[in-house]
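Some notes on the structure that comes next.
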Amino acid sequence: MNIKPFPVAVVGLGPGSQPEDPDLAYMPLPREIDSFDQPTLPTSEEVEHLHAAKQVIADLIAQLQGYQGDAEVYPVQDISQLDAANRQLINQLLGEGEVSCRVKLLDGRELDMQESVFAGIWRVLESSADGQLLADRIEACPIPAAVWQAARAFGKAELDIPTLPEQLMNAGPVLTEIAAAMQNPGSEAHITNFSLLPMSPADMDCLDAILGPGNSGVFSRGYGKCRIMATSLANVWRVQYFNGMNSILLDTLEITRIPEVALASADDLADSLDRLQEAWQWLQGEY
Numbered sequence: 001m002n003i004k005p006f007p008v009a010v011v012g013l014g015p016g017s018q019p020e021d022p023d024l025a026y027m028p029l030p031r032e033i034d035s036f037d038q039p040t041l042p043t044s045e046e047v048e049h050l051h052a053a054k055q056v057i058a059d060l061i062a063q064l065q066g067y068q069g070d071a072e073v074y075p076v077q078d079i080s081q082l083d084a085a086n087r088q089l090i091n092q093l094l095g096e097g098e099v100s101c102r103v104k105l106l107d108g109r110e111l112d113m114q115e116s117v118f119a120g121i122w123r124v125l126e127s128s129a130d131g132q133l134l135a136d137r138i139e140a141c142p143i144p145a146a147v148w149q150a151a152r153a154f155g156k157a158e159l160d161i162p163t164l165p166e167q168l169m170n171a172g173p174v175l176t177e178i179a180a181a182m183q184n185p186g187s188e189a190h191i192t193n194f195s196l197l198p199m200s201p202a203d204m205d206c207l208d209a210i211l212g213p214g215n216s217g218v219f220s221r222g223y224g225k226c227r228i229m230a231t232s233l234a235n236v237w238r239v240q241y242f243n244g245m246n247s248i249l250l251d252t253l254e255i256t257r258i259p260e261v262a263l264a265s266a267d268d269l270a271d272s273l274d275r276l277q278e279a280w281q282w283l284q285g286e287y
């Protein structure tokens with residue numbers, strides 16, 4: 001089963017509504033900052049018979065009420081077995097938000113993750129190497145743990161610095177800094193801001209070649225376009241911000257489990273719980 005584009009049946013206008021580009025290209029920035037819009041929901045009479053989907057939402061709300069913010073153990077609802085009508089209600093309720101993730105696991109499986117209009121509530125599709133859908137679930141968390149777990153499993157634990165061309169300006173010291181930070185990780189991210197350093201094009205080409213590509217990426221089209229890409233090194237991420245012309249505004253490297261900018265906050269999740277409860281009351285005819 002082909003899982004691209006992301007199979008959300010009802011999508012509103014605005015950021016996040018654009019079709020997914022298979023090459024992970026970026027669409028133009030939104031001209032306005034959108035506030036939260038409650039999804040357009042059917043009446044309670046129209047969904048009275050959709051008990052399975054409503055039970056999924058009720059169970060998710062109950063799990064969220066007891067969730068303490070753990071990065072690895074968090075609410076999960078498997079909806080793989082829902083029929084088309086119940087799945088459509090889930091699609092309509094969750095909608096499509098502004099952040100998506102893509103992960104390729106070591107065994108060839110792929111994960112496509114789309115944050116819903118409720119921050120911190122994610123739709124996760126798992127597919128086989130040949131594109132067959134294996135699982136469909138809802139995860140409620142700052143970010144699905146597979147994003148950083150897979151990147152860490154794929155990445156090398158140490159940076160071996162090769163002999164560098166003499167004409168480089170600052171690639172050598174930057175690589176030495178990265179290697180040292182990898183050996184002594186702190187509680188806070190170690191950030192190298194390439195936008196503020198005198199880096200030549202040859203320096204950046206050298207760094208790109210040595211850092212290499214990873215297997216996880218996070219993409220945001222919210223307040224500004226942001227791309228967070230794992231490298232071939234464990235816990236080393238490239239974080240880039242773009243303007244409306246797809247030019248880089250800020251180019252950084254972060255050594256951390258996962259850059260903080262990728263995470264939904266505790267306040268985001270608390271707000272999403274409130275919004276989900278409002279939607280539940282609507283579906284029950286109690287709102």
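If you count by the UniProt record's numbering, then the sequence shown holds residues 1 to 287, one letter each, in order. Cβ coordinates follow ideal geometry from the N, Cα and C atoms, glycine included.
Approximately 14 Å separates the beta-carbon atoms of ALA62 and LEU269; this is outside 8 Å, ruling out the contact.
When THR252, GLU278, ARG102 are compared, the shortest CA-CA separation from LEU196 is found for THR252. Counting along the chain, ASN215 sits inside the beta strand (DSSP E) bounded by residues 213–221.
Taking all protein chains in view, the Cβ of LEU164 is surrounded by fewer than 16 other Cβ atoms within 10 Å, so the residue is classified as exposed. Around the Cβ of SER265, a 10 Å sphere holds fewer than 16 other Cβ atoms; the residue is exposed. Between LEU211 and SER187, the C-beta gap is not smaller than 8 Å, which leaves the two residues out of contact. Between LEU50 and LEU93, the C-beta gap is not smaller than 8 Å, which leaves the two residues out of contact. In this structure, PRO142 keeps its C-beta atom at 8 Å or more from the C-beta atom of MET113. Secondary structure note for ASP267: it is in no beta strand (DSSP E), and the uninterrupted alpha helix (DSSP H) holding it is 266–283.
LEU60 is classed as buried because its beta carbon has at least 16 other beta carbons within 10 Å across all chains shown. Taken in chain order, the whole alpha helix (DSSP H) runs of length 4 or more contained in the segment 124–162 are 146–154. Going by DSSP, HIS51 is part of the alpha helix (DSSP H) stretching over 51–65. Collapsing the DSSP output to three states places THR252 in a strand. Following the DSSP letters along the chain, one finds GLU115 inside the beta strand (DSSP E) bounded by residues 110–115.
Residue state for ILE178 is assigned as helix, using DSSP reduced to three classes. Of VAL76, GLU254, ALA58, the smallest CA-CA separation from MET182 is found for GLU254.
Around the beta-carbon of MET199, 16 or more other beta-carbon atoms lie within 10 Å, marking it buried. Of ALA202, ALA180, ASP208, ALA150, the smallest CA-CA separation from GLY217 is found for ALA150. Going by DSSP, ILE228 is part of the beta strand (DSSP E) stretching over 225–231.
Between the alpha carbons of ASN170 and GLN240 lies a distance of about 19 Å. Around the C-beta of GLU98, 16 or more other C-beta atoms lie within 10 Å, and the residue is accordingly described as buried. Short of 8 Å from the beta carbon of ILE248, and not among the five residues preceding or following it, lie these beta carbons of its own chain, in chain order: SER195, GLN240, TYR241, PHE242.
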